[in-house]
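A.B. asks:
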Ligand code: DC
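Numbering (my numbering), first residue to last: 1 to 221.
#1: Which residue comes first and which comes last in the beta strand (DSSP E) that contains residue 131?
#2: According to DSSP, what are the bridge partners of residue 151?
#3: Taking 8 angstroms as the line, does the beta carbon of residue 153 fall inside it for any heavy atom of ligand 1?
#4: Hey, out of 40, 52, 29, whose CA is closest to residue 103's CA?
#5: Looking at the unbroken alpha helix (DSSP H) that takes in residue 34, where does it start and where does it end?
#6: Report yes or no: do three or more beta-carbon pairs, one from the region 42 to 54 and one from the region 81 to 90, lie closer than 8 angstroms?
#7: Alpha carbon to alpha carbon, how far is residue 124 from residue 71? Give it in angstroms, no decimals.
#8: Hey, would you say residue 204 sits closer than 9 angstroms to residue 152, going by beta carbons?
#9: Are residue 224 and residue 108 closer than 9 angstroms when you measure CB to CB?
#10: Hey, is residue 111 close to ligand 1, as in C-beta under 8 angstroms from one of its heavy atoms?
#11: Within the same chain, show all residues whose beta-carbon is closer than 6 angstroms to that of residue 11, passing over the 5 residues directly before and after it, in chain order.
#12: Which stretch, first to last residue, makes up the beta strand (DSSP E) that contains residue 14?
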């Protein structure tokens, strides 16, 4: 197979829940003039679609069929990335804690990963994008021009999530337990577990501000 011809780069940012991928990729996309592709949103949308269709998050074959037919698109609105499923804006509905866990559950199934990775590749094929997720540098675009692995201490990641949810946040202990559970589930699953891609730049954001992280990334770019 010949190498793809891309005139614009593909940048990948992988890392665990709460490592800052979303905020950092938003700023990086703005500063570098790239489109942001939130791959986690595709798994969240799958979890939501399954819940609505009465399909269990454990049923790989049925989830695979559901994902293969998922009508999903990203739309930029006022600098924000909106997630549109079958014409409906589901951006808020997929952001609740339950769908985070659901996304982690459905993402274990190879049938789901196959369908959603194909979708993500189609969306990013032309380049000029920054993808954020768990396997964007290892599986989705292993030939990406620049790859990052963003990390932070678990307690700091849980605190960020806790603050992000504001008054809707569950008790901090629950948020921390959820983060730790997802860490284990996402990095020990059989298919495309979370790990650092070959050639990726490791950034530990535990004691860094968002701007410091983005500055470091811009320098690499
Ligand atoms: O980044 P996030 O919290 O929106 O991701 C939700 C879940 O989706 C995460 O726990 C694991 C799964 N996921 C994945 O398996 N691969 C990706 N590239 C992105 C997310």
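We put the CB at the ideal spot given by N, CA and C, even for glycine.
C.D. replies: Short version:
#1: For residue 131, the enclosing beta strand (DSSP E) covers residues 129 to 133.
#2: Residue 151 pairs with 204.
#3: The nearest non-hydrogen atom of ligand 1 is 8 angstroms or more from the C-beta of residue 153.
#4: If we check each option's Cα against that of residue 103, 40 comes out closest.
#5: Per DSSP, residue 34 is not a residue of any alpha helix (DSSP H), being assigned neither H nor E.
#6: Touching, per the Cβ criterion.
#7: Cα-Cα distance, rounded: 16 angstroms.
#8: Their beta carbons are under 9 angstroms apart, which means residue 204 touches residue 152 by this criterion.
#9: No information on residue 224 is available, as it lies outside the stretch 1 to 221 that the chain covers here.
#10: No, the beta carbon of residue 111 sits no closer than 8 angstroms to any heavy atom of ligand 1.
#11: The answer, listed in chain order, is 130, 146.
#12: First-last of the beta strand (DSSP E) with residue 14: 10 to 14.
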